[in-house]
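Residue numbers (this note's numbering): 2 to 275. For each residue, glycine too, the CB sits at the ideal point set by N, CA and C. What follows is a single structure, written as structure tokens, with notes after it.
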Amino acid sequence: MSRFSCTLRARPVEINKAVEGLEDRKREWKDEVLSFQGLMIELPKIPKDKLKKMKLRKSAQELLPYVLVEQDLKSTVLDALFLLIESKCEQFSLQTRYRIFAYGLKYPQIRKIGYQYYQKNPPEDSEPRWIAVFWKRIFCPEEPEISMARIAFENQVPIIQVADWFEMNPYVPWMDGLLIEYLDHHSADWLRDCSFWDVSTFIHSSAPIYVRSSILVWILNSYVQDWADWDDVSEPYRMLIDSARDFWGEPYRTFWKNCSTKVCTIGLWPSNLD
2 MSRFSCTLRA RPVEINKAVE GLEDRKREWK DEVLSFQGLM IELPKIPKDK
52 LKKMKLRKSA QELLPYVLVE QDLKSTVLDA LFLLIESKCE QFSLQTRYRI
102 FAYGLKYPQI RKIGYQYYQK NPPEDSEPRW IAVFWKRIFC PEEPEISMAR
152 IAFENQVPII QVADWFEMNP YVPWMDGLLI EYLDHHSADW LRDCSFWDVS
202 TFIHSSAPIY VRSSILVWIL NSYVQDWADW DDVSEPYRML IDSARDFWGE
252 PYRTFWKNCS TKVCTIGLWP SNLD
């Protein structure tokens, strides 16, 4: 399943009215400390020797990937976290281990742990492609986005299919960085074999606007025809023009500048219908 989803623009008018009609709260409630926040507080307090030997409940193991994506973690927390992951790596469930390596891939320490683990425990063919086939390259000291972009380029993977092709968790926080890195190497011609709906879904996704707009420019330029007026334009192309107008505004602004004159002319036609 793709990580990308359409953005909803509905206004929850009735919900807002219901909330405004609620009575004021009778007393103050203390803010609850989230489980992973408690884990971050306690980890640095545990001596290293004890940290290596301590038993970790399954619920605590499942929290580790989400701690890794927290912003601005203190070095004391990270050091304790890396030590805990390294010492308990073989005890994790497959799902937890995949999540730790995927969510924490930006950390050199996590890549080192992953490399050492799979040296001792070669992955099965049934494991996700990014681990089963490419773990040696992805866990190398280099930035993972660069390694993965090179791998995708070598295999001519359309940019809209990168996450699915790698069988990578599509919600990893550095996925946007991979898409931006890959765009510089990617050939738009590889999109010709993709379905219109897959491309359209990506264009309306949460991927970086620069990436989505670059793909949209290529599609508009590649598939424009000599239509006489708006009524002649094919329905899929109309949808793309409407998307471009939503993203960029009226023609000849922003990314419209990268479109052909013919595309920009068609982009003006909906305005003439108003």
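The three-state secondary structure of residue 170, taken from DSSP, is coil. Look at residue 149 here: in three-state DSSP terms it is helix. Less than 8 Å separates the beta-carbon of residue 217 from that of residue 241. Look at residue 198 here: in three-state DSSP terms it is helix. In the three-state DSSP reduction, residue 185 falls in the coil class, being neither helix nor strand.
Annotation: the continuous alpha helix (DSSP H) that includes residue 81 extends over 76-89. With a contact defined as Cβ atoms closer than 8 Å, residue 228 and residue 267 qualify at about 7 Å.
Just so you know, the alpha carbons of residue 208 and residue 199 end up roughly 13 Å apart. The alpha-carbon separation between residue 108 and residue 238 amounts to approximately 43 Å. In the DSSP assignment, residue 52 falls within the unbroken alpha helix (DSSP H) covering 49-54. When rounded, the separation of the alpha-carbon atoms in residue 273 and residue 264 is 15 Å. Residue 175 places its beta carbon 8 Å or farther from that of residue 69. Our two residues, residue 136 and residue 89, have alpha carbons roughly 20 Å apart in a direct line. Our two residues, residue 133 and residue 63, have alpha carbons roughly 22 Å apart in a direct line.
Distance from the CA of residue 122 to the CA of residue 148, rounded to the nearest whole angstrom, comes to 22 Å.
Residue nearest to residue 258 within the set 221, 184 and 172 is 221 (criterion: CA-CA distance).
In the DSSP annotation of this structure, the continuous segment of the alpha helix (DSSP H) that includes residue 262 starts and ends at 262-274. Between residue 167 and residue 131, the C-beta gap is smaller than 8 Å, which places the two residues in contact.
Burial check for residue 42: the Cβ neighbour count within 10 Å stays below 16, so the residue is exposed. For residue 256, the CB contacts under 6 Å within the same chain, skipping 5 residues up- and downstream, are 214, 218 and 249 in chain order. With 16 or more other CB atoms across the displayed protein chains lying within 10 angstroms of its CB, residue 115 is buried. In terms of Cα proximity to residue 151, the closest of 212, 92 and 185 is 185. Residue 50 and residue 194 have their C-alpha atoms spaced approximately 55 Å apart. CA-CA distance, residue 75 to residue 98, rounds to 23 Å. Scanning 95, 57 and 96 for the CA closest to the CA of residue 84 turns up 57. Residues 66, 67, 69, 70, 170, 173 and 174 of the same chain have their beta carbon placed closer than 8 Å to that of residue 104, with the five preceding and five following residues left out of the count. In the same chain as residue 153, and ignoring 5 residues on each side of it, the C-beta atoms closer than 6 Å to its own belong to 163 and 183, in chain order.
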